[in-house]
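Colleague:
Protein chains: 2
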Amino acid sequence: MSDRIRIVILGGGFGGVYTAMHLERLLGRDSRVEIALVNRENYFVFQPLLAEVVSGNIGLLDTVSPISRLIPRCRLYVRQVESVDLEARTVTLAPGSRPQPLVLSYDHLVLATGTVTDFRGMTGLQQHAMPFKTLADAVRLRNHLITVLHEADIEADDARRQQLLSFVVAGGGFSGVEVAAEMNDFLRAAAARLHTDRSREIRVVLVHSGQRILERELSPSLGLYAQKILQRRGVEIRLGQRLLTATGDAAVLANGERIAARTVVSTVPAFANPLLAALPLPQEGGRILVDGHMEVVGHANLWAVGDAARIPNGADGEFAPPTAQHATREAAVLAANIAARIRGGRLQKFAFPGLGKMGSLGHRSAVAELFGRIRLSGFPAWVMWRFVYWWKLPGFDRKLRVAFSWLLDLLVPPETVQLRLESHGGVQELHFEPGEYVFREGDRGDSLYVLISGSAEVVTTGENGAERVLTVLQAGQFFGEIAMLQQRNRTASVRCCTAMNVVALPQGQFQTLARHLPQFREGFESTMAERLQRDAE
Amino acid sequence: MSDRIRIVILGGGFGGVYTAMHLERLLGRDSRVEIALVNRENYFVFQPLLAEVVSGNIGLLDTVSPISRLIPRCRLYVRQVESVDLEARTVTLAPGSRPQPLVLSYDHLVLATGTVTDFRGMTGLQQHAMPFKTLADAVRLRNHLITVLHEADIEADDARRQQLLSFVVAGGGFSGVEVAAEMNDFLRAAAARLHTDRSREIRVVLVHSGQRILERELSPSLGLYAQKILQRRGVEIRLGQRLLTATGDAAVLANGERIAARTVVSTVPAFANPLLAALPLPQEGGRILVDGHMEVVGHANLWAVGDAARIPNGADGEFAPPTAQHATREAAVLAANIAARIRGGRLQKFAFPGLGKMGSLGHRSAVAELFGRIRLSGFPAWVMWRFVYWWKLPGFDRKLRVAFSWLLDLLVPPETVQLRLESHGGVQELHFEPGEYVFREGDRGDSLYVLISGSAEVVTTGENGAERVLTVLQAGQFFGEIAMLQQRNRTASVRCCTAMNVVALPQGQFQTLARHLPQFREGFESTMAERLQRDAE
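If you're matching them up, the sequences are chains A and B in order.
Position in the first sequence (from 1) plus 76 gives the number in this note's numbering.
Position in the second sequence (from 1) plus 76 gives the number in this note's numbering.
1. Using the three-state DSSP reduction, which class does B:Leu410 fall into: helix, strand or coil?
2. So with Cβ pairs under 8 Å, would you call A:Leu506 a contact of chain B?
3. What beta strand (DSSP E) runs, 3 residues minimum, are completely inside the stretch 190-226 of chain B?
4. Return helix, strand or coil for A:Lys475, following the three-state DSSP convention.
5. Output yes or no for whether 8 Å exceeds the beta carbon distance between B:Leu452 and B:Ile305.
6. Check the Cβ-Cβ distances between A:His271 and every residue of chain B, and say whether any is below 8 Å.
7. Exposed or buried, B:Thr189, counting other C-beta atoms within 10 Å across all chains shown (16 or more means buried)?
8. Going by the beta-carbon positions, is the gap between A:Met370 and A:Glu394 smaller than 8 Å?
9. Are the CB atoms of A:Ile134 and A:Val93 within a distance shorter than 8 Å?
10. Is it buried or exposed, B:Gly556, if we count other Cβ atoms within 10 angstroms and call 16 or more buried?
11. Does the beta-carbon distance from B:Arg520 to A:Pro177 come in below 8 Å?
12. Note the first and the last residue of the continuous alpha helix (DSSP H) segment covering B:Val284.
13. Would you mind giving the Cβ-Cβ distance between A:Ser285 and A:Gly316, rounded to the nearest angstrom? I have them listed as a contact below 8 Å.
14. Quick one: complete beta strand (DSSP E) runs, 3+ long, within the stretch 497-539 of chain A?
15. Quick one: Cα of B:Ser297 to Cα of B:Gly448, how far?
16. B:Thr537 to A:Leu86, Cα distance in whole Å?
17. Can you tell which of B:Ala411, B:Ala212, B:Ser173 and B:Asn565 has the C-alpha that lies nearest to the C-alpha of A:Ala228?
18. Rounded to whole angstroms, what is the Cα-Cα separation between B:Glu505 and A:Gly132?
19. Specify the secondary structure class of A:Met370 as computed by DSSP and reduced to three states.
20. Tell me the start and end of each unbroken alpha helix (DSSP H) in the stretch 115-180 of chain A that is at least 4 residues and wholly inside, in chain order.
21. Taking the straight line between their C-alpha atoms, what separation do you get for A:Ser531 and A:Arg196?
22. Give every residue of the same chain whose Cβ lies closer than 7 Å to the Cβ of B:Leu589, excluding the five residues on either side of it in the sequence, and list them in chain order.
23. Taking the C-alpha atoms as reference points, what is the distance between A:Asn356 and A:Ala385?
24. From B:Leu524 to B:Leu581, what distance separates their C-alpha atoms?
25. Quick check on A:Ile147 - is its C-beta less than 8 Å from some C-beta in chain B?
26. Keeping to the same chain, check which residues put their C-beta closer than 7 Å to that of A:Gly248; ignore five residues upstream and five downstream.
27. Residues of chain B with CB under 7 Å from A:Phe596, in chain order?
28. Rounded to a whole number of angstroms, what is the C-alpha to C-alpha distance between B:Ala246 and B:Lys209?
29. Which residues share a DSSP beta bridge with B:Pro582?
30. Would you tell me roughly how many angstroms separate the C-alpha atoms of B:Lys468 and B:Ala408, rounded to the nearest one?
31. Do B:Pro142 and B:Asn118 have their beta-carbon atoms positioned less than 8 Å apart in this structure?
32. Anything in the stretch 583-611 of chain A with a Cβ closer than 8 Å to a Cβ of chain B? List those residues in chain order, please.
33. Hey, out of A:Val534, A:Ile414, A:Ala403 and A:Asn377, whose CA is closest to A:Asn389's CA?
34. Comparing the C-beta of B:Gly89 with each C-beta of chain A, is any distance below 8 Å?
35. So is B:Phe262 in contact with chain A if we call contact Cβ pairs under 8 Å?
36. In three-state terms, what does DSSP make of B:Thr699?
In structure tokens:
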């Protein structure tokens with residue numbers, strides 16, 4: 077252990093990285109001080125441009141910068157944070173290359189962990205809705221869109237193709253509107269280039285609980301303008317509605333409307349990082365209470381910044397909203413305060429009136445409201461939107477890359493390369509609504525299922541075409557073992573009776589466990605024997 | 077079913093895609109003909125530049141083009157091929173969006189499935205060596221290199237850090253040499269930019285079975301030149317050696333040398349696609365025997381092209397080597413032959429003398445041998461190498477992108493963003509050599525293990541520091557359940573006695589199965605109770 081003063085920053089978003097950047101400038105050459113930043117990823121994501129990754133207007137990695145390049149004099153820990161001990165002044169990081177956790181002690185701790193998307197407790201969404209928050213979310217969504225387009229291209233059945241080409245986005249804030257707009261642009265352009273032009277079959281539905289999109293963010297006239305633009309481009313908008321649940325086959329709205337779709341994106345729930353929620357700190361609405369200096373109330377040298385903090389804004393007497401422009405200004409003040417605490421000096425209070433709000437509507441239009449007075453829309457707003465964010469991109473090479481990507485975007489048709497790295501090896505949870513099928517007689521057997529909650533009936537169709545219910549399955553029972561153990565097609569259909577959750581263990585995993593763990597295999601074999609006996613009767 | 081003539085091409089590499097491109101030109105406007113191409117990915121990889129992805133000299137997706145853009149009039153099936161029925165003239169594709177396989181009938185079938193990397197039967201390599209063949213391989217390798225660099229940066233133990241910073245590449249052909257060169261460049265540059273400069277600790281070892289690298293590909297003087305260049309840049313070359321096995325901790329060579337390393341890349345084994353191996357077709361060395369027209373011997377309208385085929389070359393009386401320059405020329409002849417068969421006309425024989433061979437050595441040098449006479453090395457060869465491959469890149473936008481990436485590479489330091497999408501959810505196989513530890517007492521418990529072959533001893537260290545062997549584990553037994561069920565650190569160490577293979581079921585998976593499948597949990601609980609009892613005695 078050195079006797080240097082160690083500042084540990086948790087989180088590599090706008091709040092954390094910009095605090096570190098300012099600290100480097102203020103204290104980076106001070107040999108008494110050591111700055112460390114912990115983040116799960118080794119890159120910083122420039123969030124405002126993330127939606128453009130989906131449409132491919134910019135390259136996959138154009139929105140991100142390696143953190144170590146932005147803060148070369150800080151020590152970077154690419155690890156997950158497991159816990160914080162406020163008494164002992166230590167942070168425990170999850171194991172990395174060795175199977176032991178790593179414990180960092182600190183003198184100053186900056187909580188900059190932002191918010192997380194969390195569908196917990198939201199039936200069906202946890203299993204089937206795609207979040208849109210991180211770079212991985214954006215890349216996964218893009219890959220998924222490309223997959224359904226390719227599948228639609230070779231799908232002869234009209235209903236199945238329509239399901240593949242229907243897309244539901246929940247949330248009418250900036251994030252939801254931008255994703256819906258970019259998806260809509262990309263899907264229509266890409267579908268027009270399929271073997272058969274399918275652009276007219278694309279259906280993008282934006283679901284919003286309010287009476288107008290962007291109602292919290294913008295004035296009524298701009299919100300209505302945005303609504304009109306999206307509708308003109310073919311986005312269907314459902315106002316006063318809420319996404320109730322999702323399955324692998326459909327999105328279900330609170331009014332009972334069922335939209336057959338394979339793609340459901342939700343930008344809605346933003347919660348406090350569970351790490352912070354577990355700490356004995358004053359919190360409100362999942363945000364840590366800090367004073368105007370961004371020091372946690374009642375805890376010396378413990379600071380919070382960005383979306384994770386509830387920061388009184390000296391400029392308007394409100395609390396600072398969770399935006400990038402506020403986080404970067406908070407970071408500058410916070411870094412100055414930490415430097416003042418270490419070297420002596422007065423602490424500053426955070427005060428920033430905000431410059432305005434902007435949102436892209438895709439396809440060369442946007443909406444913007446500046447200094448609470450100036451309103452811009454359409455192409456001028458879009459030009460400003462692009463220029464402002466481009467200017468704010470950290471680093472010269474990032475600016476070059478993005479400028480070049482935008483240039484290419486004007487010259488060449490949309491890119492549809494699908495970079496798939498995920499190995500769908502693991503156990504998955506799935507949700508079904510009544511009447512939906514887990515699988516049908518004759519399907520290829522690709523998973524074993526365990527029923528966690530709800531109930532399902534096992535049915536076969538006899539030679540006369542009449543349906544026969546073989547049995548009803550309850551929570552705790554497994555099914556689908558026959559096709560797995562005998563490596564043949566499904567011998568019966570399984571249909572959901574009451575809303576249910578199941579765990580699916582994929583074929584490859586099942587076979588590996590069955591081969592090497594006799595006790596595992598035997599349990600399934602005996603049940604299978606009983607069931608085959610029963611069905612034969 | 078239509079009564080059009082359907083040509084089905086299996087494989088989206090140089091052979092398959094270029095055949096489709098030529099067929100489009102010859103038959104694309106012929107309404108009697110339908111062309112379909114099946115490939116697992118939706119993109120074509122420009123293989124010669126793949127090694128540059130590792131170093132980040134070009135962007136992740138610069139080497140790939142969406143297949144549908146290259147052959148817009150063909151129907152693209154982004155699916156895996158399950159089987160071919162030569163009698164019925166059908167191809168069965170794995171299920172996609174529906175859980176049933178898709179059956180395509182064909183009139184002409186083109187086998188262009190190339191070769192696959194396959195470590196089967198090679199102890200330890202299957203579990204721990206990283207292949208280098210596909211884009212996913214390149215991206216995974218790059219991500220892995222970035223991970224070990226970050227881990228090395230925060231690793232205080234010298235031996236562990238040296239292990240993290242040691243890299244072994246097996247195979248001294250073009251592929252192995254290019255990967256070793258690019259890795260070496262990238263690692264040294266990136267390590268120099270870590271918090272502490274670690275570039276001097278980087279160790280890259282190239283293992284080759286011959287007496288000189290590139291001995292099959294180039295003349296002795298160029299091979300020796302390449303060797304000298306690599307050695308000057310710090311690559312250690314082990315000649316007359318073979319990679320015998322690999323574990324999570326080391327690479328073991330045939331002479332018994334053990335190199336402690338976390339990264340082992342092998343470019344060696346290229347096998348026929350298992351799909352082809354299963355077909356009752358004349359084959360030699362895993363390649364399908366075809367006549368000079370590229371028609372499979374004894375099978376009308378069944379064709380093979382590229383690395384999958386053994387094609388007599390009219391130019392030299394030999395068989396065409398597995399290179400991109402040959403595959404693209406084969407494709408042109410093959411497409412003309414299929415068109416001639418359909419429309420009537422004479423079939424051509426393949427004859428191409430080859431233009432030469434080139435390999436990059438990274439860092440602005442290369443080696444090349446043209447028309448069997450001209451030899452180039454160093455910077456001129458590198459300029460030619462870049463220009464030739466850039467010129468051969470399909471599509472204008474790809475040329476633009478790559479040119480821009482190369483330009484950026486001159487201006488800015490290497491990029492280290494790590495795009496991680498993999499979810500390490502599934503069961504993994506691991507290999508251990510005698511004396512290695514699966515885990516040690518006090519480690520965090522992150523997996524349950526099943527011993528498949530070999531044996532291991534369970535040991536603890538008493539208060540006096542003396543080691544005590546608790547038991548010896550044999551194949552079929554599982555271990556590590558105590559830490560998993562009781563969620564605590566390992567209570568003992570497990571050390572390999574005889575070379576062994578184990579299956580690891582990660583924590584998350586184990587807990588999900590244990591929670592929902594009572595029979596699964598109970599089996600482990602009873603064994604755990606017995607073992608705790610025994611250890612307490």
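Ideal Cβ positions, reconstructed from N, Cα and C, are used throughout, including at glycine.
Just so it is clear, the structure is predicted and the values come from calculations on it, not from any experiment.
Modeller: So, from the data block:
1. Counting from 1 along the second sequence, the entry for residue 410 of chain B is found at position 334. Helix, per DSSP.
2. Your numbering for residue 506 of chain A matches position 430 in the first sequence. Chain B contact via Cβ: absent.
3. 191-193
4. Working through the first sequence from its first residue, we reach residue 475 of chain A at position 399. Reduced to three states, the DSSP call for A:Lys475 is helix.
5. Position 376 of the second sequence holds residue 452 of chain B. Position 229 of the second sequence holds residue 305 of chain B. No, Cβ-Cβ distance for B:Leu452 and B:Ile305 is not below 8 Å.
6. Start at 1 with the first residue of the first sequence, and residue 271 of chain A comes out as number 195. Chain B contact via Cβ: present.
7. Residue numbering aside, residue 189 of chain B sits at position 113 when the second sequence is read from its first letter. It counts as buried.
8. Here the question's residue 370 of chain A lines up with position 294 in the first sequence. Here the question's residue 394 of chain A lines up with position 318 in the first sequence. Not closer than 8 Å, so no.
9. In the first sequence, counting from the first residue as 1, residue 93 of chain A sits at position 17. In the first sequence, counting from the first residue as 1, residue 134 of chain A sits at position 58. No, Cβ-Cβ distance for A:Val93 and A:Ile134 is not below 8 Å.
10. On the second sequence, residue 556 of chain B is found 480 positions in, with the first residue counted as 1. So B:Gly556 counts as buried.
11. Here residue 520 of chain B refers to the residue found at position 444 of the second sequence. Here residue 177 of chain A refers to the residue found at position 101 of the first sequence. Contact: yes.
12. Residue mapping note: residue 284 of chain B aligns to position 208 of the second sequence, counting from 1. Per the sequence shown, the amino acid found at residue 284 of chain B is His instead of Val. Note, B:His284: premise wrong, no alpha helix (DSSP H); not H, not E.
13. Position 209 of the first sequence, counted from the first residue, corresponds to residue 285 of chain A. Position 240 of the first sequence, counted from the first residue, corresponds to residue 316 of chain A. The Cβ separation is near 7 Å, so the contact holds.
14. 504-508, 513-515 and 523-537
15. As a first step, residue 297 of chain B is located in the second sequence; it is residue number 221 there, counting from the start. As a first step, residue 448 of chain B is located in the second sequence; it is residue number 372 there, counting from the start. Answer to the nearest angstrom: the Cα atoms are 13 Å apart.
16. As a working mapping, residue 537 of chain B is identified with position 461 in the second sequence. As a working mapping, residue 86 of chain A is identified with position 10 in the first sequence. If I take the Cα positions, the gap works out to 37 Å.
17. One-based indexing of the first sequence puts residue 228 of chain A at position 152. When each option's Cα is compared against that of A:Ala228, the closest is B:Ser173.
18. Position 429 of the second sequence holds residue 505 of chain B. Position 56 of the first sequence holds residue 132 of chain A. So the alpha carbons of these two residues sit roughly 36 Å apart.
19. Stepping through the first sequence from its first residue, residue 370 of chain A is reached at position 294. Three-state DSSP puts A:Met370 in coil, outside helix and strand.
20. 126-131 and 143-146
21. What you label residue 531 of chain A is simply residue 455 of the first sequence in a count that begins at 1. What you label residue 196 of chain A is simply residue 120 of the first sequence in a count that begins at 1. Rounded to whole angstroms, A:Ser531 to A:Arg196 spans 21 Å at the Cα level.
22. Position 513 of the second sequence, counted from the first residue, corresponds to residue 589 of chain B. Closer than 7 Å at the Cβ level, and outside the excluded window around B:Leu589, lie Phe596.
23. Stepping through the first sequence from its first residue, residue 356 of chain A is reached at position 280. Stepping through the first sequence from its first residue, residue 385 of chain A is reached at position 309. Before going further, note that residue 356 of chain A is Pro rather than Asn in the sequence given. Their backbone Cα atoms lie some 15 Å apart in a straight line.
24. The count along the second sequence starts at 1 and reaches residue 524 of chain B at position 448. The count along the second sequence starts at 1 and reaches residue 581 of chain B at position 505. Roughly 5 Å separates the two Cα atoms.
25. Taking the first residue of the first sequence as 1, we reach residue 147 of chain A at position 71. By this cut-off, A:Ile147 is not an interface position.
26. For the purposes of this step, residue 248 of chain A is taken as residue 172 along the first sequence, with counting starting at 1. Here the set comprises Leu282, His284, Gly286, Ile289 and Leu290.
27. Against the first sequence, residue 596 of chain A aligns to sequence position 520. Chain B residues near A:Phe596: Phe596.
28. The count along the second sequence starts at 1 and reaches residue 246 of chain B at position 170. The count along the second sequence starts at 1 and reaches residue 209 of chain B at position 133. One C-alpha to the other measures close to 13 Å.
29. For the purposes of this step, residue 582 of chain B is taken as the residue at position 506 of the second sequence. B:Pro582 pairs with B:Ser523.
30. Counting from 1 along the second sequence, the entry for residue 468 of chain B is found at position 392. Counting from 1 along the second sequence, the entry for residue 408 of chain B is found at position 332. So the alpha carbons of these two residues sit roughly 15 Å apart.
31. Here residue 118 of chain B is taken as the residue at index 42 of the second sequence, counted from 1. Here residue 142 of chain B is taken as the residue at index 66 of the second sequence, counted from 1. Cβ distance < 8 Å, so B:Asn118 and B:Pro142 count as in contact.
32. Gly584, Gln585, Thr588, Leu589, His592, Leu593, Pro594, Gln595, Phe596 and Gly599
33. For the purposes of this step, residue 389 of chain A is taken as the residue at position 313 of the first sequence. Considering only alpha carbons, the answer is A:Ala403.
34. Reading the second sequence from its first residue, position 13 is the one you call residue 89 of chain B. Chain A, which has no Cβ nearer than 8 Å to the Cβ of B:Gly89, makes this no.
35. Residue 262 of chain B sits at position 186 when you count from the first residue of the second sequence. So no, B:Phe262 is outside the interface.
36. Not covered by the structure: residue 699 of chain B. The range shown for chain B is 77 to 613.
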